[in-house]
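Scroll down for the structure; my scribbles are underneath it.
Number of protein chains: 2
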Amino acid sequence: MTPVFIKNKDRSYRSIRSFIKKYLPFLEDFINYRIDTNKSLLDELTMKNHVVICGYGRIGSYIGRSLMMADIPYVAIDYNLFIVEKAKKKGANIIYGDPTDIDILDYAQVDEASIIILAVPERSAQESIVFNARKLNRDIFVISRVHRQSDQVRMKDIGANLVVQPEFEASLSIIKKIYLWHKLDKEDIVNKIRRLKIEHGIS
Amino acid sequence: MTPVFIKNKDRSYRSIRSFIKKYLPFLEDFINYRIDTNKSLLDELTMKNHVVICGYGRIGSYIGRSLMMADIPYVAIDYNLFIVEKAKKKGANIIYGDPTDIDILDYAQVDEASIIILAVPERSAQESIVFNARKLNRDIFVISRVHRQSDQVRMKDIGANLVVQPEFEASLSIIKKIYLWHKLDKEDIVNKIRRLKIEHGIS
Numbered sequence: 740m741t742p743v744f745i746k747n748k749d750r751s752y753r754s755i756r757s758f759i760k761k762y763l764p765f766l767e768d769f770i771n772y773r774i775d776t777n778k779s780l781l782d783e784l785t786m787k788n789h790v791v792i793c794g795y796g797r798i799g800s801y802i803g804r805s806l807m808m809a810d811i812p813y814v815a816i817d818y819n820l821f822i823v824e825k826a827k828k829k830g831a832n833i834i835y836g837d838p839t840d841i842d843i844l845d846y847a848q849v850d851e852a853s854i855i856i857l858a859v860p861e862r863s864a865q866e867s868i869v870f871n872a873r874k875l876n877r878d879i880f881v882i883s884r885v886h887r888q889s890d891q892v893r894m895k896d897i898g899a900n901l902v903v904q905p906e907f908e909a910s911l912s913i914i915k916k917i918y919l920w921h922k923l924d925k926e927d928i929v930n931k932i933r934r935l936k937i938e939h940g941i942s
Numbered sequence: 740m741t742p743v744f745i746k747n748k749d750r751s752y753r754s755i756r757s758f759i760k761k762y763l764p765f766l767e768d769f770i771n772y773r774i775d776t777n778k779s780l781l782d783e784l785t786m787k788n789h790v791v792i793c794g795y796g797r798i799g800s801y802i803g804r805s806l807m808m809a810d811i812p813y814v815a816i817d818y819n820l821f822i823v824e825k826a827k828k829k830g831a832n833i834i835y836g837d838p839t840d841i842d843i844l845d846y847a848q849v850d851e852a853s854i855i856i857l858a859v860p861e862r863s864a865q866e867s868i869v870f871n872a873r874k875l876n877r878d879i880f881v882i883s884r885v886h887r888q889s890d891q892v893r894m895k896d897i898g899a900n901l902v903v904q905p906e907f908e909a910s911l912s913i914i915k916k917i918y919l920w921h922k923l924d925k926e927d928i929v930n931k932i933r934r935l936k937i938e939h940g941i942s
């Protein structure tokens, strides 16, 4: 069997690839991206004190853009090839892969990074990332974006250093404006915002 | 027909109510709340320069809490009876009704209010509220919470004075922290944040 396979290796390769293309489009994307177009991707990255952004949706991409603006080194990871390709065209430093995978985190040099941002939507994925990132770098500062207050407690429990809930941040932004319009003095505003954060459980 | 109806008005009333209870539970809740338990609700409210909060979900309730804390007068409106009852128990100043309804806005004294906050999820509902609120008070300051960037443009087009997108606010909160850690000076941070807001289309 083996000699036959070797003799026809090109044909066999083509039929395997066409099978994958037809039935496993995800794997085909991966092969195209990681093997066909970018053979040495795993040896390229050398960074230090950088920010690792897991998930490049709205929050991830806003943060990536702001880091580019300030020349702060970062690398983003996303498992959606469409998002990765689009972001690359805009100049983002992004790799295609699953951020819950410790090898991908290792490749993003989490051991040398200072901050990791969890901007993937699922809490279970965030939990895996914290677990794997801490294996590679005990002291990395973990920022987690959560949707619910219960997720916030959970993420703090498993070691996130900062937890951000978008709706709460939006409220604070509106509240600060209303306080200013009502001419509350600055110290009073700072104190009230602190009290709200404590009530919300993030301070 | 009419005399028969009048003669049996109690029985008719009971059957109508039992029909409503069975087939239109929403209307039943409304009748219970507005007619049975609180006959004079519409005459009670007298406010000036207050904040009207439409929708008392996460954002609405965070804002309500912060206004209570600063003794800034406000009235919230929500069409979910469960939310209204729960909020009332916590001391919120909230009424049950549909904030897209001009009569409810009128009852909340939008004509005397200084700010109206649109924290209902649907864009179409937000559009109706802006339209009706402006009929009652041309100069009211309208703050809209949106989900997508396209909604942001639309809400600005139809006259919202301030548009807040939670994911963008959460990103700004994270970005400010990273900038501070990287020891960017204050002026530089303010300028970069301003540039990000302009890019995002909210400044």
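Protein chains in written order, with our numbering: chain W, 740 to 942; chain C, 740 to 942. Quick reminder that beta carbons are idealized off the backbone N, C-alpha and C, glycines included. Since the model is a prediction, treat every value here as computed from it, not as a measurement.
Could you check where the alpha helix (DSSP H) with residue i kicks off and where it finishes?
i: I882(C); result: Per DSSP, I882(C) belongs to no alpha helix (DSSP H); it is in the beta strand (DSSP E), F880 to R884.
i: D810(C); result: Careful: D810(C) lies outside any alpha helix (DSSP H) and carries neither H nor E.
i: I868(C); result: R862 to L875
i: K828(W); result: L820 to K828
Residues of chain C with CB under 8 Å from residue i, in chain order?
i: S921(W); result: In the sequence as presented, Ser is not what sits at residue 921(W); that position holds His. In chain order: A809 and I811.
With DSSP run on the structure shown, which of helix, strand or coil describes residue i?
i: D775(C); result: Unreliable positioning characterises D775(C) in this predicted model, as indicated by a pLDDT of 49, which lies under 50. The coordinate reading is nonetheless provided below. It is helical.
i: I897(C); result: coil
i: I755(W); result: helix
i: Q891(W); result: helix
i: L781(W); result: Here L781(W) scores only 42 on pLDDT, less than 50, and its place in the model should not be relied on; the value that follows carries that caveat. Residue state, collapsed to three classes: helix.
i: K931(W); result: helix
i: D845(W); result: helix
i: E938(C); result: helix
i: A733(W); result: Lying outside 740 to 942, the shown extent of chain W, residue 733(W) is not represented and no answer is given.
i: K787(W); result: coil
i: L763(W); result: coil
Can you name the start and end residues of the beta strand (DSSP E) that residue i belongs to?
i: V902(W); result: L901 to V903
i: Y835(W); result: I833 to Y835
i: L955(W); result: This structure cannot speak to residue 955(W), because chain W is shown only from 740 to 942.
So which residues on chain C does residue i lean against when the C-beta distance must stay under 9 Å?
i: L820(W); result: Neighbours of L820(W) on chain C: none; closest Cβ ~22 Å, over 9 Å.
i: L935(W); result: Y801, R804, S805 and M808
i: R862(W); result: Neighbours of R862(W) on chain C: none; closest Cβ ~16 Å, over 9 Å.
In chain C, which residues lie with their C-beta within 7 Å of the C-beta of residue i?
i: E908(W); result: P905, E908, A909 and S912
i: V881(W); result: By Cβ distance, chain C contributes nothing, its closest Cβ being about 12 Å from V881(W), past 7 Å.
i: I1001(W); result: Within the shown structure, residues of chain W are numbered from 740 to 942, placing residue 1001(W) beyond reach of any answer.
At a CB-CB cut-off below 7 Å, which residues of chain W make contact with residue i?
i: I802(C); result: S910, I913 and I914
i: I833(C); result: Result: empty, since nearest Cβ-Cβ is about 16 Å, beyond 7 Å.
Tell me residue i's beta-bridge partners as DSSP assigns them.
i: A815(C); result: I792(C) and I833(C)
i: L857(W); result: C793(W) and S883(W)
Mind pulling the chain W residues with CB within less than 9 Å of residue i?
i: K931(C); result: S805, M808 and A809
i: V790(C); result: I917
| request: Closer than 9 Å, Cβ to Cβ, to anything on chain C: give me those residues from the stretch 841-855 of chain W, in chain order. | output: S853 and I854
| field | Residues, ordered as in the chain, of the stretch 882-893 of chain W that lie near chain C by beta-carbon distance below 7 Å | value | I882 and R884
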